[in-house]
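A.B. asks: Read top to bottom, the protein sequences are chains Z and D.
At position 175 of the first sequence (counting the first as 1) the number is 175 in this note's numbering, and the numbers step up by one without a gap.
At position 220 of the second sequence (counting the first as 1) the number is 507 in this note's numbering, and the numbers step up by one without a gap.
Glycine residues also receive a C-beta, built at the ideal position from the N, C-alpha and C atoms.
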Amino acid sequence: MQRAFVATTVLSASVAPIGAFLVLRRLSLAGEAMAHAITPGVVIGFVVAGLSVTSLLVGGLVAGIVAAALTALLARKTILRSDASLASIYLIALAAGIFILSAAGSAVPLKSFLFGSILGIDDASMILFGGVATVTLVSFAFLLRPLIISTCDPTFFEAQAKRPLLIEQAFMLLLVLNLLAAFKTLGTLMAVGLMILPATSARYWSSTITGQLGLTFFFALASCWVGLTLSYLFPETPSGPAIVLTAGGFFLISVLLGPLGFGGRWRKPSDQTSKTLAQTSNKERRQ
Amino acid sequence: MSAVLEIRNLALGYPELTLFRGLSLDVERGSTLAILGANGSGKSTFVKMLLGLMAPLSGKLSWPDGPPREIGYLAQMTEFDRRFPLRVRDLVAMGAWKGFGLAGRLDRMTSAKVASAMVAAGVDNIADRSLHTLSGGQLQRALFARVIMQDAPLILLDEPFAAVDQTTEAHLLSLIDRWQDEGRAVVLVVHDLSSVLDHCDNALLLGNGEAYHGSVDTILTPERLVAQNYLSKSQASWMFRASRDEAAHV
Numbered sequence: 001m002q003r004a005f006v007a008t009t010v011l012s013a014s015v016a017p018i019g020a021f022l023v024l025r026r027l028s029l030a031g032e033a034m035a036h037a038i039t040p041g042v043v044i045g046f047v048v049a050g051l052s053v054t055s056l057l058v059g060g061l062v063a064g065i066v067a068a069a070l071t072a073l074l075a076r077k078t079i080l081r082s083d084a085s086l087a088s089i090y091l092i093a094l095a096a097g098i099f100i101l102s103a104a105g106s107a108v109p110l111k112s113f114l115f116g117s118i119l120g121i122d123d124a125s126m127i128l129f130g131g132v133a134t135v136t137l138v139s140f141a142f143l144l145r146p147l148i149i150s151t152c153d154p155t156f157f158e159a160q161a162k163r164p165l166l167i168e169q170a171f172m173l174l175l176v177l178n179l180l181a182a183f184k185t186l187g188t189l190m191a192v193g194l195m196i197l198p199a200t201s202a203r204y205w206s207s208t209i210t211g212q213l214g215l216t217f218f219f220a221l222a223s224c225w226v227g228l229t230l231s232y233l234f235p236e237t238p239s240g241p242a243i244v245l246t247a248g249g250f251f252l253i254s255v256l257l258g259p260l261g262f263g264g265r266w267r268k269p270s271d272q273t274s275k276t277l278a279q280t281s282n283k284e285r286r287q
Numbered sequence: 288m289s290a291v292l293e294i295r296n297l298a299l300g301y302p303e304l305t306l307f308r309g310l311s312l313d314v315e316r317g318s319t320l321a322i323l324g325a326n327g328s329g330k331s332t333f334v335k336m337l338l339g340l341m342a343p344l345s346g347k348l349s350w351p352d353g354p355p356r357e358i359g360y361l362a363q364m365t366e367f368d369r370r371f372p373l374r375v376r377d378l379v380a381m382g383a384w385k386g387f388g389l390a391g392r393l394d395r396m397t398s399a400k401v402a403s404a405m406v407a408a409g410v411d412n413i414a415d416r417s418l419h420t421l422s423g424g425q426l427q428r429a430l431f432a433r434v435i436m437q438d439a440p441l442i443l444l445d446e447p448f449a450a451v452d453q454t455t456e457a458h459l460l461s462l463i464d465r466w467q468d469e470g471r472a473v474v475l476v477v478h479d480l481s482s483v484l485d486h487c488d489n490a491l492l493l494g495n496g497e498a499y500h501g502s503v504d505t506i507l508t509p510e511r512l513v514a515q516n517y518l519s520k521s522q523a524s525w526m527f528r529a530s531r532d533e534a535a536h537v
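And the structure:
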């Protein structure tokens with residue numbers, strides 16, 4: 001249990017900036033799709049080399065890179081847009097992963113792949129979480145400003161940066177790495193939950209990027225600790241879904257009370273600085 | 288006036304479609320060049336080429352003083368994310384992002400430049416406002432402040448007055464005049480024939496596979512605007528008659 005608390009704390013620090021930018025870059029569903037797309041790589045790695053961090057990393061990375069490359073290829077060279085390309089690839093990949101796992105007669109239950117095994121974390125997994133978190137946070141020290149600009153004003157960024165695609169590729173690589181770390185603890189179905197829900201919750205509270213990043217980490221950490229505690233108090237409760245459901249609870253609270261959610265509608269309309277995003281959207285629709 | 292950029296015998300387009308060919312012009316310091324043309328005439332493609340995002344089919348671009356470290360650029364608002372969680376001062380600071388340190392921290396000198404640019408563009412009073420609370424005019428002023436931060440010898444503005452009121456337009460035009468006085472070259476894509484053209488020295492009219500360049504008065508004639516599919520005959524007749532009537536009235 002102590003390991004689970006430490007692991008999810010490190011994981012929260014790592015996935016928070018990734019989740020925040022997935023939401024801001026309008027890639028929330030792409031992140032979900034990518035989580036499923038890495039499944040066959042992880043499964044093949046497991047079938048070939050057993051259940052180890054190395055097989056997980058190598059298999060997942062190869063699958064993630066292949067899925068991203070195929071998606072980009074289809075989106076650029078054919079009529080399909082990137083969302084339809086990624087959806088096609090991930091559906092095939094997820095089905096292939098489960099098929100391979102079943103056909104190989106795996107001793108590891110399917111449930112473990114789908115929902116993770118957060119309470120059975122070994123030393124190698126802890127090293128994986130620490131490594132991924134270190135790589136992610138150090139990378140963000142360099143990528144933060146270009147990521148902000150390329151997300152907010154992509155045309156301007158493309159015109160100013162020497163290699164604009166490099167930022168996108170680096171971000172996707174970090175996404176795959178963090179998915180693999182989350183995959184180990186939360187499984188393929190829940191991995192993205194810890195990225196997206198804290199980030200969408202934070203979106204309702206903060207109008208600055210610093211606040212967005214900080215609150216995303218706070219909601220992710222709180223979801224992990226509360227979810228794990230619930231899972232400990234009620235042993236029948238699986239820890240992965242408990243964590244993601246807790247994150248869902250924070251999301252609902254944020255929607256209802258956050259100043260940029262419905263909470264903002266209850267404020268005085270004359271307060272210009274607290275004008276909500278919802279109000280802005282309504283104005284845009286009227287125009 | 289010396290040229291920032293020299294373009295010679297340029298052909299622009301795509302492998303299956305040539306937009307125009309045979310264009311030669313100098314983009315001179317302290318001048319403003321207006322680019323006009325109907326939809327699909329190649330205005331945006333020309334801007335992309337100036338930014339180095341696409342190569343010409345043939346011809347030559349040369350920078351007499353060497354390629355600039357940076358080209359000031361204000362893009363159309365189509366892809367700008369107004370919901371992004373940023374304050375006005377952060378948006379303005381983007382203009383100097385290449386000089387930022389680790390984790391994007393601003394030094395004291397850059398912060399002072401940001402403050403000065405916000406004053407010049409008239410957004411210093413809304414420096415801490417979030418982008419999603421700004422009107423179209425306020426956001427455009429902030430983006431002009433970002434261009435100031437870029438401190439570039441050549442400035443490209445792609446339809447900068449598309450969604451701003453007259454007061455804001457007048458303020459932004461005064462900034463363009465100031466850039467001219469500072470010896471910067473400004474290239475301005477304009478959608479409509481308007482008083483904006485009074486602030487331009489030269490015009491580049493694109494359309495029908497042709498590119499005409501010269502002073503505003505010699506290029507933007509009714510006959511040529513109709514020939515280039517920029518105006519219909521009735522539009523040209525109405526517009527220039529109204530213009531003559533107004534001149535007579537004055």
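What's the C-alpha gap between LEU27 (chain Z) and ALA67 (chain Z)?
C.D. replies: Along the first sequence, one-based indexing puts residue 27 (chain Z) at 27. Along the first sequence, one-based indexing puts residue 67 (chain Z) at 67. In this structure, the straight-line span from the alpha carbon of LEU27 (chain Z) to that of ALA67 (chain Z) is close to 15 Å.
A.B. asks: List the residues of chain Z that ALA450 (chain D) touches, going by C-beta distances under 8 Å, in chain order.
C.D. replies: As a working note, residue 450 (chain D) is residue 163 in the second sequence. Residues of chain Z passing the Cβ test: none, with the nearest at roughly 10 Å.
A.B. asks: Can you tell me whether DSSP reads ASN178 (chain Z) as helix, strand or coil?
C.D. replies: Mapped onto the first sequence, residue 178 (chain Z) falls at position 178. Three-state DSSP puts ASN178 (chain Z) in a helix.
A.B. asks: Would you list the residues sitting across from VAL473 (chain D) in a DSSP beta bridge?
C.D. replies: The sequence position of residue 473 (chain D) within the second sequence is 186, counting from 1. According to DSSP, which records beta bridges pairwise, VAL473 (chain D) is partnered with D:THR319 and D:ILE442.
A.B. asks: For ARG370 (chain D), which of helix, strand or coil comes out of DSSP?
C.D. replies: If you number the second sequence from 1, residue 370 (chain D) lands on position 83. In this structure, ARG370 (chain D) counts as coil in the three-state DSSP scheme.
A.B. asks: Assuming LEU61 (chain Z) and VAL176 (chain Z) make a contact with CB atoms under 8 Å, what is their CB distance in whole Å?
C.D. replies: The residue given as residue 61 (chain Z) occupies position 61 in the first sequence. The residue given as residue 176 (chain Z) occupies position 176 in the first sequence. Right, the Cβ-Cβ distance comes to about 6 Å (below 8 Å), so this counts as a contact.
A.B. asks: Excluding sequence positions up to five away, which residues of its chain have a Cβ less than 7 Å from the Cβ of VAL23 (chain Z)?
C.D. replies: To locate residue 23 (chain Z), count along the first sequence from 1; it is residue 23. Here the set comprises ILE196, ALA199, THR200 and ARG203.
A.B. asks: Is it the case that the segment 308–316 of chain D contacts the segment 496–506 of chain D, given that we only count it when at least three CB pairs across the two stretches are under 8 Å?
C.D. replies: yes
A.B. asks: Expressed to the nearest angstrom, what Euclidean distance is found between the alpha-carbon atoms of VAL334 (chain D) and LEU320 (chain D)?
C.D. replies: Position 47 of the second sequence, counted from the first residue, corresponds to residue 334 (chain D). Position 33 of the second sequence, counted from the first residue, corresponds to residue 320 (chain D). In a straight line, the C-alpha of VAL334 (chain D) is about 12 Å away from that of LEU320 (chain D).
A.B. asks: So is PHE333 (chain D) in contact with chain Z if we call contact Cβ pairs under 7 Å?
C.D. replies: For this step, residue 333 (chain D) is matched to residue 46 along the second sequence. No, PHE333 (chain D) does not count as interfacial toward chain Z.
A.B. asks: Taking C-alpha atoms, which residue in D:GLU456, D:SER398, D:ARG374 and D:SER519 lies nearest to ARG428 (chain D)?
C.D. replies: Working through the second sequence from its first residue, we reach residue 428 (chain D) at position 141. The candidate whose alpha carbon is nearest that of ARG428 (chain D) is D:GLU456.
A.B. asks: With a threshold of 8 Å, are at least 3 pairs of Cβ atoms found where one atom belongs to the segment 361–372 of chain D and the other to the segment 515–527 of chain D?
C.D. replies: Output reads no: the segment 515–527 of chain D does not touch the segment 361–372 of chain D.
A.B. asks: If you drop the 5 nearest sequence neighbours on each side, which residues of the same chain put their C-beta closer than 7 Å to that of ALA75 (chain Z)?
C.D. replies: As a first step, residue 75 (chain Z) must be located in the first sequence, where it is residue number 75. Around ALA75 (chain Z): ARG81, SER82 and SER85.
A.B. asks: Which residue's Cα is closest to the Cα of TYR301 (chain D): D:VAL379, D:PRO343, D:THR505 and D:SER331?
C.D. replies: Here residue 301 (chain D) is taken as the residue at index 14 of the second sequence, counted from 1. Minimum Cα distance to TYR301 (chain D) is reached at D:PRO343.
A.B. asks: Does the segment 4–16 of chain Z come into contact with the segment 171–191 of chain Z, if we say contact requires no fewer than three beta-carbon pairs (one atom in each stretch) closer than 8 Å?
C.D. replies: yes
A.B. asks: Just verifying my parser: in three-state terms, what is the DSSP assignment at ASN489 (chain D)?
C.D. replies: Residue 489 (chain D) sits at position 202 when you count from the first residue of the second sequence. Of the three classes helix, strand and coil, the one that applies to ASN489 (chain D) here is strand, per DSSP.
A.B. asks: For ARG265 (chain Z), which residues in chain D fall below 7 Å Cβ to Cβ?
C.D. replies: Here residue 265 (chain Z) is taken as the residue at index 265 of the first sequence, counted from 1. Neighbours of ARG265 (chain Z) on chain D: none; closest Cβ ~15 Å, over 7 Å.
A.B. asks: Could you check how far apart the C-beta atoms of LEU443 (chain D) and LEU337 (chain D) are, in whole angstroms? I think they sit under 8 Å.
C.D. replies: Within the second sequence, the letter at position 156 stands for residue 443 (chain D). Within the second sequence, the letter at position 50 stands for residue 337 (chain D). Here LEU443 (chain D) really is in contact with LEU337 (chain D); their C-beta atoms are around 6 Å apart, less than 8 Å.
A.B. asks: Tell me which residue opens and which closes the beta strand (DSSP E) that HIS500 (chain D) is part of.
C.D. replies: Along the second sequence, read from residue 1 onward, the residue named residue 500 (chain D) stands at position 213. Run containing HIS500 (chain D): 497–502, per the beta strand (DSSP E) assignment.
A.B. asks: Suppose you measure from the CA of LEU491 (chain D) to the CA of LEU297 (chain D); what does that come to, to the nearest Å?
C.D. replies: For the purposes of this step, residue 491 (chain D) is taken as the residue at position 204 of the second sequence. For the purposes of this step, residue 297 (chain D) is taken as the residue at position 10 of the second sequence. Approximately 13 Å between the Cα atoms of the pair.
A.B. asks: Going by DSSP, what residue range makes up the alpha helix (DSSP H) through VAL291 (chain D)?
C.D. replies: Position 4 of the second sequence holds residue 291 (chain D). Not the alpha helix (DSSP H): VAL291 (chain D) falls in the beta strand (DSSP E), residues 290–301.
A.B. asks: Starting from SER150 (chain Z), trace the alpha helix (DSSP H) in both directions and tell me its first and last residue.
C.D. replies: Within the first sequence, residue 150 (chain Z) is the residue found at index 150, counting from 1. Element bounds for SER150 (chain Z): 123–152.
A.B. asks: Looking only at C-alpha atoms, which of Z:LEU173, Z:GLY187 and Z:GLY130 sits nearest to PRO238 (chain Z)?
C.D. replies: Locating residue 238 (chain Z) in the first sequence gives position 238, where the first residue counts as 1. Considering only alpha carbons, the answer is Z:GLY187.
A.B. asks: Excluding the five sequence neighbours on either side, which residues of its own chain have a C-beta within less than 6 Å of the C-beta of PRO447 (chain D), listed in chain order?
C.D. replies: On the second sequence, residue 447 (chain D) is found 160 positions in, with the first residue counted as 1. Cβ within range, chain order: LEU361.
A.B. asks: Candidates D:ASP377, D:ILE294 and D:GLN363: which alpha carbon is nearest SER345 (chain D)'s?
C.D. replies: Locating residue 345 (chain D) in the second sequence gives position 58, counting from the first residue. Nearest option by C-alpha distance: D:ILE294.
A.B. asks: Using a Cβ cut-off of 7 Å, pull out every chain Z residue sitting near GLY417 (chain D), in sequence order please.
C.D. replies: The count along the second sequence starts at 1 and reaches residue 417 (chain D) at position 130. Before going on, a small fix: residue 417 (chain D) reads as Ser here, not Gly. In chain order: SER207.
A.B. asks: Using a cut-off of 7 Å between C-beta atoms, extract the partners of LEU24 (chain Z) located in chain D.
C.D. replies: Translated into the one-based positions of the first sequence, residue 24 (chain Z) becomes position 24. Those are PHE371, listed as they occur along chain D.
A.B. asks: List the residues of chain D that PHE156 (chain Z) touches, going by C-beta distances under 7 Å, in chain order.
C.D. replies: Position 156 of the first sequence, counted from the start, is the residue given in the question as residue 156 (chain Z). By Cβ distance, chain D contributes TYR360 and ALA362.
A.B. asks: LYS385 (chain D): which of Z:PHE156, Z:ILE121 and Z:ALA63 sits nearest, CA to CA?
C.D. replies: Taking the second sequence and counting its residues from 1, one reaches residue 385 (chain D) at position 98. LYS385 (chain D) has its Cα closest to that of Z:PHE156, out of Z:PHE156, Z:ILE121 and Z:ALA63.
A.B. asks: Would you tell me roughly how many angstroms separate the C-alpha atoms of ASN326 (chain D) and GLU303 (chain D), rounded to the nearest one?
C.D. replies: Translated into the one-based positions of the second sequence, residue 326 (chain D) becomes position 39. Translated into the one-based positions of the second sequence, residue 303 (chain D) becomes position 16. When rounded, the distance between both Cα atoms is 18 Å.
A.B. asks: So with CB distances below 7 Å, who are the chain D contacts of CYS224 (chain Z)?
C.D. replies: For the purposes of this step, residue 224 (chain Z) is identified with residue 224 of the first sequence, where counting begins at 1. The premise fails here: CYS224 (chain Z) is roughly 24 Å from chain D at the closest Cβ pair, so nothing lies under 7 Å.
A.B. asks: Which of the three DSSP states, helix, strand or coil, is assigned to LYS347 (chain D)?
C.D. replies: Counting from one through the second sequence, the residue named residue 347 (chain D) turns up at place 60. Three-state result, LYS347 (chain D): strand.
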